[in-house]
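Please read the structure below before turning to the comments.
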Amino acid sequence: MCLLLILATLGVIAQVSHEEVQSPESLLVKAGDSASISCTASFGIGYSLSWYLLKPGKTPKLLIYRTSNLASGVSDRFSGTYSGYVFTLNIRGVQSEDDGDYYCMGYYDGGVFTQ
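Residues in the sequence shown are numbered from 1 upward in steps of one, following full-length UniProt numbering.
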């Protein structure tokens with residue numbers, strides 16, 4: 001069984017002129033394998049990045065906040081890391097329930113961006 005993990009681009013929610021964000025658009029993963037999805041910012045946002053999982057008809061589920069903190073009730077199969085301006089959501093032992101759209105949301109002095 002393969003799962004399709006999608007990180008869809010929502011666009012920039014604040015007026016941002018020279019910054020950009022980028023990430024892979026989709027990832028096909030076998031159950032039990034590991035997966036990583038990255039969100040890259042071309043400006044410093046410190047540790048202020050969160051990861052969400054969105055499924056059709058449901059409210060977004062917070063997975064990781066402040067870059068690497070696991071949200072309450074979320075499996076420890078999920079973890080968040082960063083290096084420079086690259087923030088990564090790691091999922092080990094991917095399960096069918098992990099299928100969905102993944103979003104990163106970052107905060108910085110000039111506003112908020114989501115991806």
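All residues carry an ideal CB built from backbone N, CA and C; glycine is no exception.
The structure displayed is predicted, hence computed values, not measured ones.
| field | Backbone secondary structure at D98 - three-state DSSP | value | Here residue 98 corresponds to residue number 98 of the sequence shown, with the count starting at 1. If DSSP states are grouped into helix, strand and coil, D98 belongs with the helices.
| field | Assigned secondary structure, A71 (DSSP; H/G/I helix, E/B strand, else coil) | value | For the purposes of this step, residue 71 is taken as the residue at position 71 of the sequence shown. Three-state result, A71: coil.
| query | With burial defined as no fewer than 16 other Cβ atoms inside 10 Å of the residue's Cβ, what is the status of G106: buried or exposed? | reply | What you label residue 106 is simply residue 106 of the sequence shown in a count that begins at 1. The residue in question, G106, is buried, as its Cβ has 16 or more Cβ neighbours within 10 Å.
| said: Can you tell me which residues form a DSSP beta bridge with G80? | reply: Within the sequence shown, the letter at position 80 stands for residue 80. In DSSP, G80 forms a bridge with L89.
| request: Report all residues from its chain with a CB closer than 7 Å to the CB of T81; omit the five preceding and five following residues, and keep chain order. | output: By one-based count along the sequence shown, residue 81 stands at place 81. Cβ within range, chain order: S68, T88, N90.
| message | Taking its Cβ as the centre, do 16 or more other Cβ atoms sit within 10 Å of V86, making it buried, or is it exposed? | response | Stepping through the sequence shown from its first residue, residue 86 is reached at position 86. With fewer than 16 Cβ atoms within 10 Å of its Cβ, V86 is classed as exposed.
| said: Considering only the alpha carbon of each residue, which of V74, S38, E97 lies closest to L63? | reply: To locate residue 63, count along the sequence shown from 1; it is residue 63. Of V74, S38, E97, the residue nearest in Cα terms is V74.
| request: Starting from the C-beta of R92, find all residues in its chain whose C-beta is less than 6 Å away, skip the five residues before and the five after it, and write them out in chain order. | output: Counting from 1 along the sequence shown, the entry for residue 92 is found at position 92. Counting only Cβ-Cβ distances below 6 Å, and skipping sequence neighbours, we find S34, R77.
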